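For the sequence shown, the working numbering begins at 652 and goes up steadily by one.
Have a look at the structure below before the remarks.
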Amino acid sequence: MKFIIVNCTFIFLYFNFYSQCNGRYETEIFPSVSVNTIYYSDTFFDYRHQMDVYTPIGDTVTNRPVIIYLHGGAFMTGDKSAADCIDFCTSFAKKGYVAISANYRLATNPFFFTFFQDVQYRTLLQAVADIKAAIRYVRKDYTNGNLLGIDPDVIFVGGYSAGAVLSIHLAYVDNISDLPTSPVDVQALVSDIGGTLEGDSGNDGYSSDVSAIVSFTGGINNLSFIDPTDEPIVLVHGTNDNIVNYNCGPGLGFGSVMNLCGMNEMKPVLENNGILNDTMVFENVDHYWPLNGNADTLFIDAVEFTTNFLFPLLPCNNSTVNIKELDDFVDQYPNPAKYFVSYKSSKIIKEIVIYNKLGQVNSRFNVNDKEYEVSLSKFRKGIYYVLIKLDNSSTVTKKLLVF
């Protein structure tokens, strides 16, 4: 009988949280999507500055999260209509997102790009500048009538191969002074994109910040770019990747190409800096599993893994559900949490009960105070549901992500 009561409580908790997102963002609830092509730069008007915007047909919500997915191609080739771009964006749009596949500037001379690192860094800076402008375009649209129907505070960016490399550097290179000066003076190359990391692709005056990064076979040029202020990231990588090394090595496997450190080297640095992250490893798999989109089951698995990582980060999962009075406020921080989570209320907290995703009681705390700190040292990574009982007989529920 006790088991039944616990699970009824869990069912109540689960459906309260699920209803906050209205069933969106976890599963494909829309049968079809529309695709519209937009020029996103107000300084360049060419094919490389176009993006395809995928939206769910029949959707009336106007505060949808945005996810931008960028094609691969070693910064020498590639296009927003690649199979993985289409399948990724279609899947996320069917889940209720506004999904975007964007083009960006590529190297104009593949030979020079392959053998000269100044060309490689300049090309990366230009690509980052372009996608920052695409992010700013989305926020500019929001202030000019919100025709895209987006939430400007929730923009994710990611991609495959070069698209993932681009996304990581867009988010994790914060200052020009972070860039190397030897063997190539990359700081000096910033002058080629207008003198700032925001670049020369326009839509000035709007933020290019993102909420999280998605990396399919991506890597970072220098692990020191990662710091405690950085955004959450989900990484998927094959251990036999010789294009973007699973560990560290020259890009494309060519000694003349800039160094890139993949998931296996990024993971401990992310952990040491307290950055929310999750990783999926494909053992004995090379670089090309995303290339054909849904035709490869590994890609389907990676999209599902990404969906599950991003879902708890959405605002609809961070709301407080109060059964009795809206002013019975309980603050939960930090969330996501790694080492501890604190609760603070204007009223006396009588009890805190934490459930796992199966509806089982993980922990129960008798509090009788307005503040309480829970150690997470024995908690596994994952999603938990928290039931907070106050001394006026009201109850508050919250969702907790432990990483």
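The C-beta atom is built at its ideal place from N, Cα and C for all residues, glycine as well.
Note that the structure is a prediction, hence the values are computed from the model and not measured.
With at least 16 other beta carbons inside 10 angstroms of its own, Y1036 counts as buried. With a cutoff of 8 Å on beta-carbon distance, T958 and K791 are scored as not near each other.
Taking the Cα positions, N673 is about 12 Å away from R715. Contact check for M914 against Y897 passes: the beta carbons are separated by less than 8 Å. In this structure, the alpha-carbon of D769 lies about 46 Å from that of S1028. Taking each of G856, V981, S833 and F960 in turn and checking the Cα distance to T1048, the smallest one comes out for V981. In the same chain as N928, and ignoring 5 residues on each side of it, the C-beta atoms closer than 6 Å to its own belong to I884 and L921, in chain order. Contiguous beta strand (DSSP E) elements confined to the segment 722-798 occur at 749-753, taking only those with 3 or more residues.
Comparing alpha-carbon positions, the option among A813, V824, N935 and Y720 lying closest to T890 turns out to be N935. Note that the C-beta distance between Y705 and A733 is not below 8 Å. Nearest Cα to L961 within the set V1012, Q1011 and P987: P987. Y720 is classed as buried because its beta carbon has at least 16 other beta carbons within 10 Å across all chains shown. In this structure, L911 sits away from I877, with a CB-CB distance that is not shorter than 8 Å. Within its own chain, no residue has a Cβ closer than 6 Å to the Cβ of D952 once the five positions on either side in sequence are excluded. Judged by beta-carbon spacing, I1034 lies beyond the 8 Å limit of I1003, meaning their Cβ atoms are not closer than that value. When the beta-carbon positions are compared, A839 and F726 stay at least 8 Å from each other. G850 counts as buried, since no fewer than 16 other beta carbons sit within 10 angstroms of its beta carbon.
Annotation for C899: C912 and E916 place their beta carbon closer than 6 Å to its own, counting only its chain and skipping 5 residues before and after. Excluding sequence positions up to five before and after S752, its CB lies within less than 6 Å of the CB of D703, Y720, K731, C736 and C740, all in the same chain and listed in chain order. Listed in chain order, the beta strand (DSSP E) elements of length 3 or more contained wholly in the segment 885-923 are 899-901 and 910-912. Going by C-alpha positions, F991 is about 4 Å away from S1026. N826 and R787 have their C-alpha atoms roughly 18 Å apart. As computed with DSSP, Q983 is found in a beta bridge with Y994. For E955, the enclosing alpha helix (DSSP H) stretches over residues T948 to L961.
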